[in-house]
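Worksheet for the structure shown next.
2 protein chains.
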Amino acid sequence: MTSIPFRSGPDQAAAAERSDAARNRKRLLWAAKELISECGAGGLTMDRLAERAGVGKGTVFRRFGSRAGLMLALLHDSEVDFQSRFMFGPPPLGPGAPALERLVAFGAGRIAYVVEFGDLVLAAEDASRGRFDVPAAALWHRHIEVLLDDAGFDADSWLMAGSLGAALDPERLLDLVRRHGVAPERLVASWRDLVTRVVRPA
Amino acid sequence: MTSIPFRSGPDQAAAAERSDAARNRKRLLWAAKELISECGAGGLTMDRLAERAGVGKGTVFRRFGSRAGLMLALLHDSEVDFQSRFMFGPPPLGPGAPALERLVAFGAGRIAYVVEFGDLVLAAEDASRGRFDVPAAALWHRHIEVLLDDAGFDADSWLMAGSLGAALDPERLLDLVRRHGVAPERLVASWRDLVTRVVRPA
DNA sequence: AGACTAAACGGACTGCGGTCCGGTTATATT
DNA sequence: AATATAACCGGACCGCAGTCCGTTTAGTCT
Numbered sequence: 008m009t010s011i012p013f014r015s016g017p018d019q020a021a022a023a024e025r026s027d028a029a030r031n032r033k034r035l036l037w038a039a040k041e042l043i044s045e046c047g048a049g050g051l052t053m054d055r056l057a058e059r060a061g062v063g064k065g066t067v068f069r070r071f072g073s074r075a076g077l078m079l080a081l082l083h084d085s086e087v088d089f090q091s092r093f094m095f096g097p098p099p100l101g102p103g104a105p106a107l108e109r110l111v112a113f114g115a116g117r118i119a120y121v122v123e124f125g126d127l128v129l130a131a132e133d134a135s136r137g138r139f140d141v142p143a144a145a146l147w148h149r150h151i152e153v154l155l156d157d158a159g160f161d162a163d164s165w166l167m168a169g170s171l172g173a174a175l176d177p178e179r180l181l182d183l184v185r186r187h188g189v190a191p192e193r194l195v196a197s198w199r200d201l202v203t204r205v206v207r208p209a
Numbered sequence: 008m009t010s011i012p013f014r015s016g017p018d019q020a021a022a023a024e025r026s027d028a029a030r031n032r033k034r035l036l037w038a039a040k041e042l043i044s045e046c047g048a049g050g051l052t053m054d055r056l057a058e059r060a061g062v063g064k065g066t067v068f069r070r071f072g073s074r075a076g077l078m079l080a081l082l083h084d085s086e087v088d089f090q091s092r093f094m095f096g097p098p099p100l101g102p103g104a105p106a107l108e109r110l111v112a113f114g115a116g117r118i119a120y121v122v123e124f125g126d127l128v129l130a131a132e133d134a135s136r137g138r139f140d141v142p143a144a145a146l147w148h149r150h151i152e153v154l155l156d157d158a159g160f161d162a163d164s165w166l167m168a169g170s171l172g173a174a175l176d177p178e179r180l181l182d183l184v185r186r187h188g189v190a191p192e193r194l195v196a197s198w199r200d201l202v203t204r205v206v207r208p209a
């Protein structure tokens, strides 16, 4: 699936990670979840995490590279789940439904995902240089592009996929939901409207 | 125009700012431009700025509130210029042209603006909690919304305006131009395509 | 078992944005 | 001119993400 720089399957790690490293990774992820459920994602600092997990700060950064990397690791499981649902799961999200319906379902799924994991998603995007490095982002982009093509879109589908993806930007979605009290269903309706118009033949 | 928390007209400041404050603001803005032209926007730190301007660090934050506020102040003139062009200037950007053409022109203008002031715009968006506080953002949003209505858009024009605005997100635009080598004209073409499809009657 | 090595460890350190508060100074008032 | 006061000034200080490097240790080879 998406290639992540560090092992993350809870069991598979196999022949490449020392036992103390594995033990510390577990401790760190556990402590991170604990801290987040206590203080929210914003209350998780790298120092506190290191202390709580009983490891040195250097170890935290060795494992996850950055705060954003840690958040990505915490999201990894649900991320993979969502990915496999829209790539291999049942229609209309997965293959088998008309492209337009899949596009609508994709947006709806993404909106639900962002609403559910709010702060984590936000924190994961910080990765200094760009939220376009998030490996999953390339996948979504490509997915939208392919669906556009399938739906008979006849212009620059690569750029259009990016524009549509921007409408699903987590920061925007969460701002609408949290600060403007917009109901997620209304977001889904607007997304449906958007993609329908974009795909609709001249 | 957009209400900015600190005085910024080079002359008008009038009856509310002590002379030493005015002098220091000038020094700071001057030093900021100097530093940016030497080291780029990324090389401007608040400490360096304070030192270069010969003032204390506290003064910098008193004047501009944050790094993002400083960047906003640096952009203020060109921002106001752009705003008055699309609000009062000649068509197709200003009033007088059909709504769809104005929408296209607005996107083109914004793209050109972002490409020109790249790093500054990026730095101005950092404002910790959200890039939706930037006073100008509300104006663009409203502008797009009104143009959508004028063009006969018959659905949730407020949310649609936000979705379209997201396609003009500076971080995205600059990533496309700088890291993917996309020509600005291609961005404009894609924007035209997007708004045309969105506005096009069923 | 003993020695070797590459990997992992930990915590002091840096540079950053941002805050705080005691001292200073411009301006209005009498 | 003397006084009062509100605004301003400066730089020590804080918490943060991220780096560096000397030390320890797990896994391997003989």
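Listed in order, the protein sequences are those of chains B and A.
Residue numbers for the first sequence follow our numbering, so the first one is 8 and each next one is one higher.
Residue numbers for the second sequence follow our numbering, so the first one is 8 and each next one is one higher.
The beta-carbon is built from N, C-alpha and C at its ideal position, and this holds for glycine as well.
All values reported here derive from a predicted model rather than from experimental measurement.
- With respect to the 8 Å criterion, residue 106 of chain A and residue 98 of chain A are not classified as neighbours on the basis of their beta carbons.
- Between residue 178 of chain B and residue 129 of chain B, the CB-CB gap stays under 8 Å.
- Taking 8 Å as the cut-off, the Cβ atoms of residue 184 of chain B and residue 122 of chain B count as close.
- In the DSSP annotation of this structure, the continuous segment of the alpha helix (DSSP H) that includes residue 181 of chain B starts and ends at 177–181.
- Between residue 85 of chain A and residue 197 of chain B, the beta carbon gap of about 32 Å keeps them out of contact (Cβ cut-off 8 Å).
- Rounded to whole angstroms, residue 182 of chain B and residue 114 of chain A show a C-alpha spacing of 23 Å.
- Of the candidates B/53, B/150 and B/31, the residue whose Cα lies closest to the Cα of residue 111 of chain B is B/150.
- In the structure shown, the three-state DSSP call for residue 102 of chain B is strand.
- For residue 165 of chain A, the closest alpha carbon among the candidates A/155, A/159 and A/174 is that of A/155.
- The straight-line gap separating the alpha-carbon atoms of residue 199 of chain B and residue 76 of chain A is approximately 37 Å.
- When 7 Å is used as the limit between beta carbons, residue 78 of chain B is near no residue of chain A, the shortest such separation being about 17 Å.
- With a minimum length of 4 residues, the unbroken runs of alpha helix (DSSP H) contained wholly in the segment 32–111 of chain B fall at 53–60, 64–71 and 74–95.
- For the C-beta of residue 196 of chain A, the chain B residues within less than 8 Å are, from N- to C-terminus, 163.
- Neighbourhood of residue 185 of chain A in chain B, by CB distance below 9 Å: empty, with the nearest CB roughly 10 Å away.
- Cβ neighbours of residue 168 of chain A within its own chain (closer than 7 Å, five residues either side excluded): 148, 151, 152 and 155.
- Using beta-carbon distances, residue 28 of chain B does not count as an interface residue toward chain A, since no partner is under 8 Å.
- In the DSSP annotation of this structure, residue 186 of chain B is not part of any alpha helix (DSSP H), being labelled neither H nor E.
- Close to residue 48 of chain A, with beta-carbon spacing below 8 Å, lies no residue of chain B; the smallest spacing is near 14 Å.
- The Cβ neighbour count for residue 187 of chain B, taken over all protein chains shown within 10 Å, is under 16; the residue is labelled exposed.
- A direct Cα-Cα distance of roughly 19 Å separates residue 202 of chain B from residue 145 of chain B.
- With a threshold of 16 other beta carbon atoms within 10 Å, residue 172 of chain A meets it and is buried.
- Boundaries of the alpha helix (DSSP H) harbouring residue 157 of chain B: 142–157, taken from the DSSP string.
- Contact with chain B is found for residue 176 of chain A, since one of that chain's Cβ atoms lies less than 8 Å from the residue's Cβ.
- In terms of Cβ geometry, residue 60 of chain A and residue 38 of chain A form a close pair [threshold 8 Å].
- By the rule that beta-carbons nearer than 8 Å mark a contact, residue 166 of chain A touches chain B.
- Within chain B, no residue has its CB atom less than 7 Å from the CB of residue 72 of chain A, the nearest being about 20 Å off.
- Residue A/55 holds the alpha-carbon nearest to the alpha-carbon of residue 42 of chain A among A/79, A/26, A/55 and A/33.
- The C-beta separation of residue 204 of chain A from residue 204 of chain B comes to about 6 Å, placing the pair in contact by the 8 Å criterion.
- The beta carbon of residue 180 of chain A is closer than 8 Å to those of 118, 121, 122 and 194 in its chain, skipping five residues each way along the sequence.
- For residue 173 of chain B, the residues of chain A that pass the 7 Å Cβ criterion are 173, 174, 176 and 179, in the order they occur in the chain.
- DSSP, read as helix, strand or coil, puts residue 208 of chain A in coil.
- Neighbours of residue 36 of chain B in chain A, taken as residues whose beta carbon is under 7 Å from its own, are absent, since the nearest beta carbon is some 27 Å off.
- Here residue 87 of chain A is actually not in contact with residue 158 of chain A; their C-beta atoms are around 26 Å apart, not less than 8 Å.
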